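Trainee:
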Amino acid sequence: MNKQCDVLIVGTGVSALYSCLNLSENTKIIIVSKGTVKDCNSYLAQGGISTALNAMDIASFIEDTLIAGQRVNDINSVTVLAEESKDNILNLDSLGVPFDKTSDNTFEYTREGAHSVNRIVHCKDKTGEIVSTHLFNLVKAKPNVEILENCTLCDLIVENRTAIGGYFNYNDTPLTINSKFTVLAMGGIGGLFKSSTNNPLLTADYISIALKHDIEFKNLDYIQIHPTSLYEEGVGKKVLISESLRGEGAKLYNIRGESFIDELLPRDVVAKAIFKEMKKTNSPYVYLDIHFLQEDYLKKRFPLVYSSCLEKGYDITKEPIPVTPCHHYFMGGITVDLDSRTSLKNLYAVGECSCTGVHGKNRLASNSLLEALVFSRREALDINEKLNTAKLIPHYKELDLYTLNAIMKENKEISLEEFKKRSSDLDVEFISD
Ligand SMILES: Cc1cc2nc3c(=O)[nH]c(=O)nc-3n(C[C@H](O)[C@H](O)[C@H](O)COP(=O)(O)OP(=O)(O)OC[C@H]3O[C@@H](n4cnc5c(N)ncnc54)[C@H](O)[C@@H]3O)c2cc1C
1 MNKQCDVLIV
11 GTGVSALYSC
21 LNLSENTKII
31 IVSKGTVKDC
41 NSYLAQGGIS
51 TALNAMDIAS
61 FIEDTLIAGQ
71 RVNDINSVTV
81 LAEESKDNIL
91 NLDSLGVPFD
101 KTSDNTFEYT
111 REGAHSVNRI
121 VHCKDKTGEI
131 VSTHLFNLVK
141 AKPNVEILEN
151 CTLCDLIVEN
161 RTAIGGYFNY
171 NDTPLTINSK
181 FTVLAMGGIG
191 GLFKSSTNNP
201 LLTADYISIA
211 LKHDIEFKNL
221 DYIQIHPTSL
231 YEEGVGKKVL
241 ISESLRGEGA
251 KLYNIRGESF
261 IDELLPRDVV
271 AKAIFKEMKK
281 TNSPYVYLDI
291 HFLQEDYLKK
301 RFPLVYSSCL
311 EKGYDITKEP
321 IPVTPCHHYF
331 MGGITVDLDS
341 RTSLKNLYAV
351 GECSCTGVHG
361 KNRLASNSLL
371 EALVFSRREA
381 LDINEKLNTA
391 KLIPHYKELD
401 LYTLNAIMKE
411 NKEISLEEFK
421 KRSSDLDVEF
431 ISD
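Be aware that the sequence shown starts at 1, since it is given in full-length UniProt numbering, and climbs by one per residue.
(1) Could you tell me the boundaries of the beta strand (DSSP E) in which PHE181 lies?
(2) Using DSSP with H/G/I as helix, E/B as strand and the rest coil, what is HIS226?
(3) Tell whether a beta-carbon distance below 7 Å holds between LEU153 and ALA380.
(4) Please indicate yes or no: does the CB of SER307 lie closer than 6 Å to some heavy atom of ligand 1?
(5) Pick helix, strand or coil for CYS123, following the three-state DSSP scheme.
(6) Does the distance from the C-beta atom of TYR285 to that of TYR348 stay below 7 Å?
(7) Would you say GLN46 touches ligand 1, meaning its beta carbon is less than 6 Å from a heavy atom?
(8) Are ILE189 and PHE330 closer than 7 Å when you measure CB to CB?
(9) Check for me: the beta strand (DSSP E) holding ALA349 runs from which residue to which?
(10) Determine the extent of the beta strand (DSSP E) in which ASP64 is found, giving its start and end residues.
(11) For my contact list, ASN26 and LYS180 are in at a C-beta cut-off of 8 Å; report their separation, rounded to the angstrom.
(12) May I have a chain-ordered list of the beta strand (DSSP E) segments no shorter than 3 residues that lie completely inside the segment 268-350?
(13) Work out the CA separation of ARG111 and SER229 for me, nearest whole Å.
(14) Considering CYS20, what are the terminal residues of the alpha helix (DSSP H) in which it resides?
(15) Nearest to ILE393 by CA position, among ASP93, CYS123, LYS421, ALA163, is which residue?
(16) Which word fits PHE136, buried or exposed, when buried means at least 16 other C-beta atoms lie within 10 angstroms of its C-beta?
(17) Where does SER33 sit, in a helix, a strand or coil, going by DSSP?
(18) Strictly by DSSP, which residues pair up with ALA163?
(19) By a C-beta neighbour count over all protein chains shown, 10 Å radius and 16 as the cutoff for buried, is LYS124 buried or exposed?
(20) Hey, out of ALA114, SER94, ASP382, whose CA is closest to LEU138's CA?
(21) Could you give the distance in angstroms between the alpha-carbon of ILE215 and the alpha-carbon of GLU295?
(22) Report yes if the CB atom of ASN41 is closer than 7 Å to the CB atom of GLY191, and no otherwise.
(23) Beta-carbon within less than 6 Å of LEU373's beta-carbon, same chain only, minus the 5 sequence neighbours each way: which residues are those?
(24) Going by beta carbon distance, what residues of the same chain come within less than 7 Å of GLU84, once the five residues before and after it are set aside?
(25) Hey, is ASN22 close to ligand 1, as in C-beta under 6 Å from one of its heavy atoms?
(26) Where does residue 474 sit, in a helix, a strand or coil, going by DSSP?
(27) So, helix, strand or coil for CYS40, using DSSP?
(28) Tell me where the beta strand (DSSP E) around LYS251 begins and ends.
(29) Can you give the Cα-Cα distance for LEU252 and ILE321, rounded to whole angstroms?
If you want it as structure tokens, here you go:
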């Protein structure tokens with residue numbers, strides 16, 4: 001099967017959907033997901049999206065982001081992130097995203113670790129699901145967009161250092177998509193770890209593809225461990241206990257009931273302190289306690305955490321819960337400039353699979369969805385400018401299913417090896433270790 005379009009977007013998370021909504025109305029777009037549309041990290045995000053509150057807050061937001069990132073962040077990207085944050089939040093608001101608001105109709109800003117003020121907008125503790133569903137419904141209504149589920153990118157098509165589309169396994173049928181521009185919005189790397197908060201389908205296929213085509217990427221060792229996932233024995237996807245619980249006063253204790261850390265320090269610091277305490281007390285977890293807040297308030301403010309914990313036998317309104325750090329986020333990725341352009345002509349990368357450098361070595365809470373919004377909009381505006389003069393370079397070759405499946409398997413294996421090689425001193429384990 002062969003298809004052609006102006007813009008091919010690989011991914012259906014927030015970065016992909018927002019990119020789609022910012023491309024000009026007359027652009028023919030194909031957007032694909034590896035599983036169903038919902039099989040991505042965007043639908044899992046809980047805490048919210050950070051934003052500078054106003055022009056006065058920009059410097060402080062930049063400083064908080066740099067402190068969390070250990071000052072190896074790209075300062076130009078961080079400045080763009082902070083300066084364009086509020087405009088993008090207001091844009092989502094005008095698109096009808098139902099953010100939690102106060103009685104006078106202003107955003108109900110909450111706080112998370114290492115932010116010096118309350119500056120996170122949210123939709124209860126289901127921000128990702130609510131924002132993604134809303135954006136997806138807007139994308140679905142567009143006549144110029146075709147959405148393909150269970151459509152895995154196996155390889156890019158590259159001619160003369162220019163991306164001209166991709167080879168896909170689409171529901172076990174070979175598919176070649178030929179495009180003027182290609183946008184990688186392929187998310188994180190959680191599927192490569194024994195325990196992760198991520199959707200396990202996300203196996204960083206883009207690293208293997210980038211290696212093959214000599215596309216620049218960087219910082220494979222910048223991997224974020226989230227301090228608090230619900231402790232469960234065994235391998236697989238873990239329930240995230242959002243940082244916003246600590247933002248709203250939740251306390252950490254070791255199994256002896258001793259407090260050991262300021263809960264609002266950056267994620268890497270808190271995660272390290274928890275690992276140390278677990279070792280000291282010979283326990284696979286520590287406790288997180290928020291049951292002292294009003295039961296009604298907790299159920300209303302944290303419905304997702306409340307119900308997910310209850311399902312596993314813990315009631316956050318009545319008792320402390322066991323938590324442990326696990327893999328959460330990837331700060332490295334495909335190297336991009338301020339308009340999300342990669343080192344290959346007509347290829348862009350946005351969201352978690354890209355490396356804009358905004359997060360440095362450690363992402364500040366709720367800066368990921370913001371990065372996805374700010375830089376996918378910049379990518380779309382850059383493509384809009386070029387679209388009228390861009391020409392499709394026709395390509396009709398197809399790969400057979402056997403070859404596509406072999407490449408898919410190889411992509412996961414090569415990416416895994418590459419991460420293992422460059423991140424040998426992590427406190428968490430890769431699959432098959
Ligand atoms: C539990 C959890 C809670 C979080 N909470 C927050 C929060 O409160 N605030 C915040 O800012 N961030 C949060 N994050 C991080 C944030 O959700 C993600 O970084 C962000 O959603 C990434 O968006 P994305 O569009 O880059 O990728 P994703 O939403 O992960 O989408 C990736 C897409 O790529 C597709 N894909 C991958 N490989 C292929 C392939 N080979 N072929 C075809 N398609 C492919 C997938 O199908 C998917 O559609 C959280 C993450 C998790 C896991």
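Virtual Cβ for every residue (Gly too), placed ideally from N, Cα, C.
Please read all numbers here as calculations on a predicted model, not as lab measurements.
Mentor: With the given structure in hand:
(1) 173-184
(2) strand
(3) no
(4) no
(5) coil
(6) Not in contact: TYR285 and TYR348 (Cβ atoms no closer than 7 Å).
(7) yes
(8) yes
(9) 347-349
(10) Counting along the chain, ASP64 falls outside any beta strand (DSSP E), though it belongs to the alpha helix (DSSP H) covering 58-68.
(11) Going by Cβ atoms, the distance from ASN26 to LYS180 rounds to 13 Å, so no, they are not a contact pair.
(12) 286-289, 321-330, 333-335, 347-349
(13) 19 Å
(14) 14-22
(15) ALA163
(16) buried
(17) coil
(18) VAL158.
(19) buried
(20) SER94
(21) 51 Å
(22) no
(23) TYR18, ASN88
(24) VAL374
(25) Using a cutoff of 6 Å, the CB of ASN22 does not count as near ligand 1, since none of the ligand's heavy atoms is closer than that.
(26) In the structure as shown, the chain begins at 1 and stops at 433. Residue 474 is therefore absent and cannot be evaluated.
(27) coil
(28) Counting along the chain, the beta strand (DSSP E) containing LYS251 begins and ends at 251-253.
(29) 10 Å
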